[in-house]
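K.L.:
Mind looking over this structure? Questions follow.
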Amino acid sequence: MDVTRRSFAFFGATALGSVAMGGRAFADAPSSIQGVLVQDAGAACRVTLALDRPAQARTFFLAEPSRFVIDVANAHLAMPGGASGQGPGAGVVRRFRYAPQADGVSRIVLDLNGPASLVRQEVGGRRNAALTFDIAASGPFTAEPAPVPMQRPGRQQTRRTIVVDAGHGGRDPGAIGVNGTREKDVVLHCALELRDALEQRGYHVALTRDADNFVELEDRVRFARGQHADLFISVHADASPNAATTGASVYTLSDRGEARAQNMISSQNWDLDLGNARESTTRDILVDLTQRETTNRSAQFAQVVIPKLGEVAPLVRNTHRNAGLFVLLAPDVPAVLIETGFLSNATDERRLADPRARERMAGAMARAVDEYFTPPGLYAAAD
Ligand SMILES: [Zn+2]
């Protein structure tokens, strides 16, 4: 995205500048902030607030640590994550936090990786009521890793639902080992072990198959969405023409897969829970946000599960891979596909056929689920 090529009203706010709120704003019906999107646009970072009607904002910077604060007047936060929470940043924006303030003000705080300035602010019109801020770093900065994902509101007291998907099954044996071990069998046993380990930890677990059945890929994804799963774990075993290749690996959705998921949303009438976003621009932004958050969460689970797997099994080098694998395509369910090892390698095949080794792998996955859902300690967006 080239921010210089587009010409919008420029409000000329500087490092410590601010934009006055209009006096009329409070008299109007409140607007709802339905999404916040942070995009790295090269020279600047673009922050877009998706709104259902035009709103006025006051902005200011805070130092040590560097923050940029957006106060939206006469607005409430109707984010997919609730009225307060946090989300991932990009570029100079490390992350954003949001919470309601007094007098009907909704506050969005951007935690910055270093000093920055506001180079452009755009106020949308009636047809697309977005507020857009372009923020440029004042100097070089070091990007810190994004924090653990926010919790979904309303789910904190209820049990988390994990959908465990044993790959293949029935007439689809999957990979066949050098000594005849079938992927569909070892992954089913591993999935059942994982179910037991997760249920012991208090999770609600649903399996896409618990026997030697053939299940369409599409039905697996639909099942996960129908369960309102908090996490989808697909268990597979790999095969390679190179018999020396060994180890486990973890796949999450790639950029190309994301495009495929977007197509599926339109072609299969997947209703995303986007509140009542009627305007198509807002809807597009919210679909994008949902997809982005899901991809981030999937990657975060991958980062947690990889070292845990490494404690009990060898890992493929560069073990976190991105792929457009079909079972990963649900736009609103964080999903990983775990290749537990290579059946084409005799040592891996022996390990995958060993019930105790499978139990250790399932235990490692369950510990990763615990770590992933550990409450991150949300910040209130006070300043
Ligand atoms: Zn497979």
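Residue numbering for the sequence shown follows our numbering, starting at 456 and increasing by one per position.
In this text, a Cβ means the ideal position worked out from N, Cα and C, and glycines have one as well.
If you run the structure through DSSP and keep just helix, strand and coil, what is TYR706?
P.N.:
Correct three-state label for TYR706: strand.
K.L.:
Can at least three beta-carbon pairs, one atom from the stretch 683-695 and one from the stretch 796-804, be found at a separation below 8 Å?
P.N.:
Contact holds: three or more Cβ-Cβ distances are below 8 Å.
K.L.:
Comparing C-alpha positions only, which one of ARG508, LEU567, THR663 and LEU783 sits nearest to ALA499?
P.N.:
Among ARG508, LEU567, THR663 and LEU783, the Cα nearest to that of ALA499 belongs to LEU567.
K.L.:
Can the beta-carbon of VAL760 be found less than 9 Å from the beta-carbon of VAL705?
P.N.:
Cβ distance < 9 Å, so VAL760 and VAL705 count as in contact.
K.L.:
For a test of your reading of the model: does the CB of GLY702 fall under 8 Å from any non-hydrogen atom of ligand 1? Yes or no.
P.N.:
Because no heavy atom of ligand 1 lies under 8 Å away, the Cβ of GLY702 does not count as near it: no.
K.L.:
At the level of alpha carbons, what is the spacing between PRO520 and GLN682?
P.N.:
In a straight line, the C-alpha of PRO520 is about 41 Å away from that of GLN682.
K.L.:
My assumption, with CB atoms under 8 Å, is that VAL885 sits in contact with ARG650. Please give the rounded CB distance.
P.N.:
Past the boundaries of the shown model lies residue 885; the chain is included only from 456 to 838, so the question cannot be answered.
K.L.:
Looking at HIS623 and ligand 2, is the gap between the Cβ and the nearest heavy atom below 8 Å?
P.N.:
This structure does not include ligand 2; its bound ligands are ligand 1.
K.L.:
Kindly indicate the opening and closing residues of the alpha helix (DSSP H) around PRO810.
P.N.:
That run of the alpha helix (DSSP H) goes 810-828.
K.L.:
So what's LEU784 in DSSP terms, helix, strand or just coil?
P.N.:
In this structure, LEU784 counts as coil in the three-state DSSP scheme.
K.L.:
For VAL502, write down the residues that DSSP places opposite it in a beta bridge.
P.N.:
According to DSSP, which records beta bridges pairwise, VAL502 is partnered with VAL493 and PHE588.
K.L.:
How would you write the range of the alpha helix (DSSP H) that LEU798 sits in, first residue to last?
P.N.:
Run containing LEU798: none; DSSP gives neither H nor E here.
K.L.:
Which term fits LEU517, buried or exposed, when burial requires 16 or more other beta carbons within 10 angstroms of its beta carbon?
P.N.:
LEU517 comes out exposed.
K.L.:
Three or more C-beta pairs closer than 8 Å, one from the stretch 526-546 and one from the stretch 487-498: is that the case here?
P.N.:
Touching, yes.
K.L.:
Between which residues of its own chain and GLU826 is the CB-CB distance below 8 Å, once the five residues before and five after are set aside?
P.N.:
Excluding residues within five positions, the ones whose Cβ falls inside 8 Å are VAL759 and LYS763.
K.L.:
DSSP three-state call for PRO543: helix, strand or coil?
P.N.:
In this structure, PRO543 counts as strand in the three-state DSSP scheme.
K.L.:
Rounded to a whole number of angstroms, what is the C-alpha to C-alpha distance between THR802 and ARG575?
P.N.:
In a straight line, the C-alpha of THR802 is about 59 Å away from that of ARG575.
K.L.:
At what residues does the beta strand (DSSP E) containing VAL524 begin and finish?
P.N.:
Per DSSP, VAL524 belongs to the beta strand (DSSP E) from 522-527.
K.L.:
Check whether the Cβ atoms of GLY624 and LEU643 lie closer than 9 Å to each other.
P.N.:
Yes; because the gap between Cβ atoms is below 9 Å, this pair is in contact.
K.L.:
With a cut-off of 8 Å on the beta carbons, I'd call LEU565 and ALA510 a contact; round off their distance for me.
P.N.:
No, LEU565 and ALA510 are not in contact; Cβ-Cβ is about 17 Å, not under 8 Å.
K.L.:
Thinking C-alpha only, which one of ALA557, ARG562, PHE588 and ASP558 is nearest SER572?
P.N.:
Comparing Cα positions, the closest option is PHE588.
K.L.:
Could you work out which residue in GLN746, PRO810 and ARG550 is closest to ASP640 when comparing CA atoms only?
P.N.:
The shortest C-alpha separation from ASP640 is found at PRO810.
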